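Visitor: Residue numbering for the sequence shown follows the numbering used here, beginning at 3 and increasing consecutively.
Every residue gets a Cβ at the ideal spot worked out from N, C-alpha and C, and that includes glycine.
These numbers come from a predicted model, not from an experiment.
Attaching a single structure in structure tokens format; questions to follow.
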Amino acid sequence: MSRIWRIAAAGLFLAASCGSSQKVDRGEMLMPDGYKDVKATIFVSPVAGQRIYQKVAVLPFKAPTDLIGSSISDLFATALLKTNKYNLVERSQMEQVLGEQALGLKGVTESAVAIRVGKMLGVQGVIVGTVPEYGSKASGASELSAIGINARMIDVSDGGVVWSVSDSAISPSPIGLSAFAKRMVDNLVSQLFQEALKAGDTVAANLPVPQIASSRGGVRSVF
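Written out as structure tokens, the structure reads:
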């Protein structure tokens, strides 16, 4: 199994004081060279390769604070845009369409609510998630960042889970929570995209002309 950085950063916010400081359990200590020999848990539905999700909404994640949840979901949106996989609804557009209801959607995890919101926004998929851990753990005289992230995309047409990702990691060395969160999210999305390709989900919706990304990393036209 290849070694990878378990990292990611929740942009421009939050110092380590946002989370409680805990002692690092010996079973959670990193490998000597600073990596963890573990991959994120990723699921990609077989349906993902049979349907096109051109327009997707990312809702604020459920987290210890609204700021953390919104920031992590923003990191996911940015990372997903870089893959050219989905056209994402901007937050300002969501707020305009949903109006006052948008305030009550922070931290939504229920599929039924996500489907209702998705239909209002006219999207094919809605991404929801949770941040069960966002803080620091003591390791000797140092404070290491510890973050847990779960996310999934729900098919608005039938409520099925298109894909899901889950990861929990401790930084190999002292690093700010936001920087660690960004690296972690980037890594999660990168792994998700590779697993989606393996599952046959090869359509890159944001490309100017309908095209299919090959499993070798290239791109070929559908026509």
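1) What does the alpha-carbon distance come out to for the pair A50 and I151?
2) What does the alpha-carbon distance come out to for the pair D76 and Q95?
3) For a test of the three-state rule: what should DSSP assign to I129, helix, strand or coil?
4) Please state the DSSP three-state secondary structure of S113.
5) Rounded to the nearest angstrom, how far is the Cβ of A148 from that of I74, given a contact under 8 Å?
6) So, with DSSP's three-state summary, where would you put N86?
7) Tell me the start and end of each unbroken beta strand (DSSP E) in the segment 46-73 that is at least 3 residues and wholly inside, in chain order.
8) With a threshold of 6 Å on Cβ separation, who are the neighbours of G29 within its own chain once the five nearest residues in sequence on each side are excluded?
9) By DSSP's criteria, D157 is part of a beta bridge. Which residues make up the other side?
10) Please report how far the alpha carbon of I172 lies from the alpha carbon of L146, in whole angstroms.
11) Is V119 closer than 8 Å to P128 when the C-beta atoms are compared?
12) By how many angstroms is the C-alpha of V99 removed from the C-alpha of L123?
13) Which same chain residues, not among the five before or five after K25, have their C-beta less than 6 Å away from its C-beta?
14) How is V119 classed by DSSP in three states: helix, strand or coil?
15) Excluding the 5 residues flanking S47 on each side, which residues of the same chain have their C-beta closer than 7 Å to its C-beta?
16) For the beta strand (DSSP E) holding V191, just list the boundary residues, first then last.
17) My understanding is that A59 touches V110, with C-beta atoms under 8 Å, so please give their C-beta distance in whole angstroms.
18) Using DSSP's beta-bridge definition, name the partner residues of D169.
19) Which of helix, strand or coil does DSSP assign to T43?
20) With a threshold of 16 other CB atoms inside 10 Å of the CB of I70, please say whether the residue is buried or exposed.
21) Quickly, what does DSSP pair A143 with across the bridge? List them, please.
22) For the alpha helix (DSSP H) that contains S175, what are its first and last residues?
23) Is it right to say K87 is buried, meaning 16 or more other beta carbons lie within 10 angstroms of its own, or is it exposed?
Guide: Short version:
1) Rounded to the nearest whole angstrom, the CA to CA distance from A50 to I151 is 21 Å.
2) In this structure, the straight-line span from the alpha carbon of D76 to that of Q95 is close to 14 Å.
3) Here I129 carries a strand assignment [DSSP, helix/strand/coil].
4) S113 falls in the helix class under three-state DSSP.
5) About 14 Å separates the two Cβ atoms, so there is no contact after all.
6) N86 falls in the coil class under three-state DSSP.
7) Taking only runs of at least 3 residues, the beta strand (DSSP E) segments lying wholly in the segment 46-73 are 57-60.
8) Caution is warranted here: a pLDDT of 30 is assigned to G29, below 50, making its placement in the model unreliable, and no coordinate value can be reported.
9) Per DSSP, G127.
10) Answer to the nearest angstrom: the Cα atoms are 7 Å apart.
11) The sequence given here places Val at residue 128; Pro does not occur at that position. Between V128 and V119, the gap from beta carbon to beta carbon is short of 8 Å.
12) A straight line joining the alpha-carbon of L123 with that of V99 spans about 7 Å.
13) In this prediction, K25 scores a pLDDT of 38, lower than 50, which makes its location untrustworthy; the coordinate-derived value is nonetheless stated afterwards. Take K25, set aside five residues on each side of it, and the residues of its chain with a beta-carbon closer than 6 Å to its own are A140, in chain order.
14) It is helical.
15) Within the same chain, and ignoring the five residues on either side of S47 in sequence, the residues whose Cβ sits closer than 7 Å to its Cβ are G162, V163, V164, W165.
16) Not the beta strand (DSSP E): V191 falls in the alpha helix (DSSP H), residues 179-200.
17) A Cβ-Cβ distance of about 11 Å is found for the pair A59 and V110, leaving them out of contact under the 8 Å criterion.
18) According to DSSP, D169 bridges with I151.
19) Here T43 sits in strand by DSSP.
20) Buried, by the Cβ-count rule.
21) For A143, which the question treats as bridged, DSSP gives no partner whatsoever.
22) For S175, there is no enclosing alpha helix (DSSP H), as DSSP marks it with neither H nor E.
23) With 16 or more neighbouring CB atoms inside 10 Å of its own CB, K87 falls in the buried class.
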